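Here's the structure, in structure tokens; my notes come after.
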Amino acid sequence: MNLAYRDIRHNLFRFLLTCIGLGLLLGVVLAMIGIYRGLVVDALTIARAPAVDLWVVEANTRGPFAEASRIPGDIREAIARIAGVASAGSITYQTVETEHRGGKLRLYVIGYEPTRPGGPPEISEGRAIARSHYEMVADRSSGLVLGDRIGLGRNVFSVVGLTRHQVNSGGDPAVYITLRDAQKLQFDLAPPAARVQLARGTGGASRDTVNAVVARLQPNSSPDAVAETVRQWKHLAAITQEAQELILTRSLVDRARRQIGLFTSLLLVVSAVIIALIIYTMTMEKLRQIATLKLIGAPDRTIIGMIVQQAMALGLIGFAIGATLIVVIKDYFPRRVVLEPDNVIVLGLIVFTVCLVSSGLGVRAALRVDPATALGG
Amino acid sequence: MATAVSSTPLVRVDRISKHFGEGETRVDALREVSIDVYPGQVVALLGPSGSGKTTLLNVIGCILDPSSGSMELDGEVVIENGRWLRSNLRQLRLDKIGFIFQFHNLIPFLDATDNVALVLQLAGADAAPARRRAVELLDYLEVGHRKSAMPAKLSGGEAQRVAIARALANRPRIILADEPTAALDSKRAGIVMDLLRKVAVEQEAAIIAVTHDEKIFDRFDHIFSLRDGRLDSEHDTSRAA
Ligand SMILES: Nc1ncnc2c1ncn2[C@@H]1O[C@H](COP(=O)(O)OP(=O)(O)OP(=O)(O)O)[C@@H](O)[C@H]1O
Ligand SMILES: [Mg+2]
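Same order as they appear, the protein sequences are chains L and V.
Residue numbering for the first sequence follows the numbering used here, beginning at 4 and increasing consecutively.
Residue numbering for the second sequence follows the numbering used here, beginning at 1297 and increasing consecutively.
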């Protein structure tokens, strides 16, 4: 007969309650890990969306995300002509706050050239932008739906397509409009004085300004080599996709990432201590029964088996509850919660190890108990 | 041969001493106690509180190291000059010794049948035959009707009889009982003593019981009185004689 199971069955309600408590705790740990991963994934999303190999930005900047970058729009043609470049596109990025259905809506507006790199990666509903003006592809997280009309600057855009999970590193939902519309929007929203200068064509600024030019390379050409060529234009800098992703994770969300990372580690330690405490207490409560078992001749492995199996059952059920909980509620979080199987497996292994170690403590106490204590009153 | 077997004690305690602590705090719980108990005998350990009865029982039950002396159980020398000659004492207990506690100490999460079946399974029996024999034993002890009850639901007398069934399950030749009847009324106490007697006779077992219970003194073949850790007197009440 399995003593671990029989004991659990006898105190089933209490055991389940403990499992649920542990499950909630592990759910929080998983959520934290998911939020942490979500932050990193979100930060990379916008940089990965255009699926390019090279970012051409203003000289001496790490743009367009970590630092502001402004370059002339006609650079794109020059970039496209460099050997090894397959295609290039101009992009603008700006954060715009607007009104929608009586509420404020913060959007990360991406302007791109519909026939060139820089557009939304995948349209989950509706279609891509087909007309050169006033159409928009919006991310679902903005709350916009197909057919919505929304004012940006002086124009009204209609939502023709929807994407999923396209947000910037601050969590603002992305919307895509044509480069021309975006440049008009930048002009409309610029301070009046700058606008006058721009309209006159004075002050060295032109209306054809973009934040970055992105380039896709031919399969066998090296991003570093092309970047080197681009850098020969003194007013430009070139950042490979790899370097761009590094900038995003290392500098842009670094503090937030470390903050959440540290909190997650703390939470892990707290959970480990709580698991150890629960299992140790579970064993200590049974010391008298364990003494009786020893007295009637039960070998150590029977006693160890009982303790270890209960610890494992607790860990397993608690973990299953926590994981299920998080899978069910993760889409209700305001920002993305990303749970990769490897994170779940690692947490599972940690829980398993903690259970094993703390049942070791219990086992130690159990093996030390004197069978004679079963006899005493 | 038959007389030779029965004249060999099942339990031979030879000048066993046991002290706890040293110096100022030293307590001599047992001082050179020697007793022999033969198959079929039901003997009592008697004495005032603190006289060493439980200590002696624990040494015989192989759960306490003596300070000096020797002991033989069922013909095997297990302690020589205060040292164990056996390393696996738990196996020895499982094979040879049954315990009956003052507080029955049933495993609370197993029902009556499984409390008994557990020791059979620990000794290597399969689940089904173990449960069958457990139910037989419970019937034998007249608690068969409570076989599926959890210990918390048993009365004191019922629980004690389940505990006795557990002590008897592996047919141990030595049964140790610390105040087995203390929690029972005199009628139930009498029934338990009759049972122990029956087991002693039918299984050729030696039964050693600590008791304060004067009502049942006449049920013992032999009474060993302890005082301050010393054997004070031996009193043969054997009805067979
Ligand atoms: N583990 C121990 N450590 C120290 N002293 C002990 C220990 N166990 C027993 N003693 C002492 O040894 C002496 C004998 O104790 P024991 O328990 O054998 O008495 P007893 O005859 O069973 O008494 P009672 O009738 O009260 O159960 C007592 O003085 C007791 O205090
Ligand atoms: Mg005692």
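Backbone N, C-alpha and C define an ideal beta-carbon position, used for all residues, glycine too.
Keep in mind the model is a prediction, meaning the values are calculated, not measured.
Short Cβ contact (7 Å threshold) for R84(L) with V341(L): If you check the CB distance, R84(L) and V341(L) do not come in under 7 Å.
Cβ-based neighbour list, S1451(V), same chain, cut-off 8 Å, excluding 5 preceding and 5 following: For S1451(V), same chain residues with a beta-carbon under 8 Å away, outside a window of 5 residues either side, do not exist.
Residue closest to V140(L), alpha-carbon to alpha-carbon, out of V178(L), R119(L), L57(L) and T64(L): When only C-alpha atoms are compared, the closest one is V178(L).
7 Å Cβ cutoff met for L1369(V) and T1351(V): Their beta carbons are not under 7 Å apart, which means L1369(V) does not touch T1351(V) by this criterion.
Residue burial classification, E116(L) (beta-carbon count within 10 angstroms, cutoff 16): Classification of E116(L): buried, given that the 10 Å Cβ count is 16 or more.
Beta-carbon neighbours of D1474(V), restricted to chain L and to distances below 8 Å: Simply L378.
Contact with chain V by Q169(L), beta-carbon distance below 7 Å: Closer than 7 Å: no.
Contact with chain L by L1406(V), beta-carbon distance below 7 Å: At least one CB of chain L lies nearer than 7 Å to the CB of L1406(V).
is_contact[L298(L), chain V] using C-beta, thresh 7 Å: Interface annotation, L298(L): in contact with chain V, CB-CB separation under 7 Å.
Identity of the residue in N171(L), I324(L), A91(L) and R109(L) nearest A54(L) by Cα: When only C-alpha atoms are compared, the closest one is A91(L).
R84(L): first and last residue of the uninterrupted alpha helix (DSSP H) it sits in: Residues I78 to R84.
Euclidean distance between Cα positions of G1453(V) and A1461(V): Between G1453(V) and A1461(V), the C-alpha separation is close to 12 Å.
Chain L contact for A1537(V) (CB, 7 Å cutoff): Because A1537(V) sits at a pLDDT of 39, beneath the cut-off of 50, its placement in the model cannot be relied upon, and the point is left open.
Chain-ordered neighbours of V1333(V) on chain L, where CB pairs are closer than 7 Å: In chain order: nothing, as chain L lies at least about 19 Å away.
Proximity below 7 Å, CB of I1470(V) to CB of I1396(V): Against a cut-off of 7 Å, the Cβ pair of I1396(V) and I1470(V) comes out as no contact.
Y335(L) versus T305(L) - alpha carbon distance: C-alpha separation (whole angstroms): 46 Å.
F1397(V) in three-state terms, based on DSSP: It is coil, neither helix nor strand.
Span separating the alpha-carbon of I27(L) from that of R104(L): First, the amino acid is wrong: residue 27(L) is Leu here, not Ile. Rounded to the nearest angstrom, the two C-alpha atoms are 37 Å apart.
Limits of the unbroken alpha helix (DSSP H) element including H13(L): L6 to H13 is the extent of the alpha helix (DSSP H) around H13(L).
Residues bridged to W1380(V) (per DSSP): For W1380(V), the beta-bridge partners assigned by DSSP are I1375(V).
CB contact below 7 Å: G284(L) versus chain V: Checking the sequence shown, residue 284(L) turns out to be Thr, not Gly. False, the Cβ-Cβ gap to chain V never drops below 7 Å.
9 Å Cβ cut-off: residues of chain V touching P302(L): Here the neighbours are N1384, R1386, Q1387, L1390 and L1418.
Nearest-angstrom Cα separation, counted from L359(L) out to L298(L): Between L298(L) and L359(L), the alpha-carbon positions lie close to 26 Å from each other.
Where the beta strand (DSSP E) containing L239(L) begins and where it ends: Counting along the chain, the beta strand (DSSP E) containing L239(L) begins and ends at L239 to T243.
Buried/exposed call for V1497(V), threshold 16 Cβ in 10 Å: Under a 10 Å Cβ-count criterion, V1497(V) is classified as exposed, with fewer than 16 other Cβ atoms of the shown protein chains found around its own Cβ.
Chain V residues whose Cβ lies nearer than 7 Å to that of A375(L): N1354, I1359 and L1360, listed in chain order.
Chain V contact residues for M4(L), given Cβ-Cβ distances below 8 Å: Those are L1406, D1410, A1413, L1414, Q1417 and A1423, listed as they occur along chain V.
Sufficient close CB pairs (3 or more, under 8 Å) joining the stretch 370 to 379 of chain L to the stretch 70 to 89 of chain L: With fewer than three CB-CB distances shorter than 8 Å, the stretch 370 to 379 of chain L does not count as touching the stretch 70 to 89 of chain L.
Environment of ligand 1 in chain order, Cβ to heavy atom below 5 Å: Every residue with a CB closer than 5 Å to a heavy atom of ligand 1 is listed here in chain order: F1316(V), V1323(V), A1325(V), S1345(V), G1346(V), S1347(V), G1348(V), K1349(V), T1350(V) and T1351(V).
For P344(L), three-class secondary structure by DSSP: P344(L) falls in the helix class under three-state DSSP.
Burial state of G154(L), where buried means 16 or more other Cβ atoms lie within 10 Å: Counting Cβ neighbours within 10 Å, G154(L) comes out exposed, since fewer than 16 surround it.
Simplified DSSP assignment, three categories, for S1363(V): Coil, per DSSP.
Validate contact between the stretch 1336 to 1352 of chain V and the stretch 1502 to 1519 of chain V using beta carbons, cut 8 Å, 3 pairs: Judged by pairs of C-beta atoms under 8 Å, the stretch 1336 to 1352 of chain V touches the stretch 1502 to 1519 of chain V, as three or more such pairs exist.
For I263(L), the nearest candidate out of I78(L), V32(L) and G76(L) (CA to CA): Checking every option, the nearest Cα to that of I263(L) belongs to V32(L).
Exposure of F1520(V), with buried meaning 16 or more beta-carbon neighbours within 10 Å: The residue in question, F1520(V), is buried, as its Cβ has 16 or more Cβ neighbours within 10 Å.
Residue-level contact to chain V via CB, R367(L), 7 Å cutoff: With respect to chain V, the C-beta atom of R367(L) has no partner C-beta closer than 7 Å.
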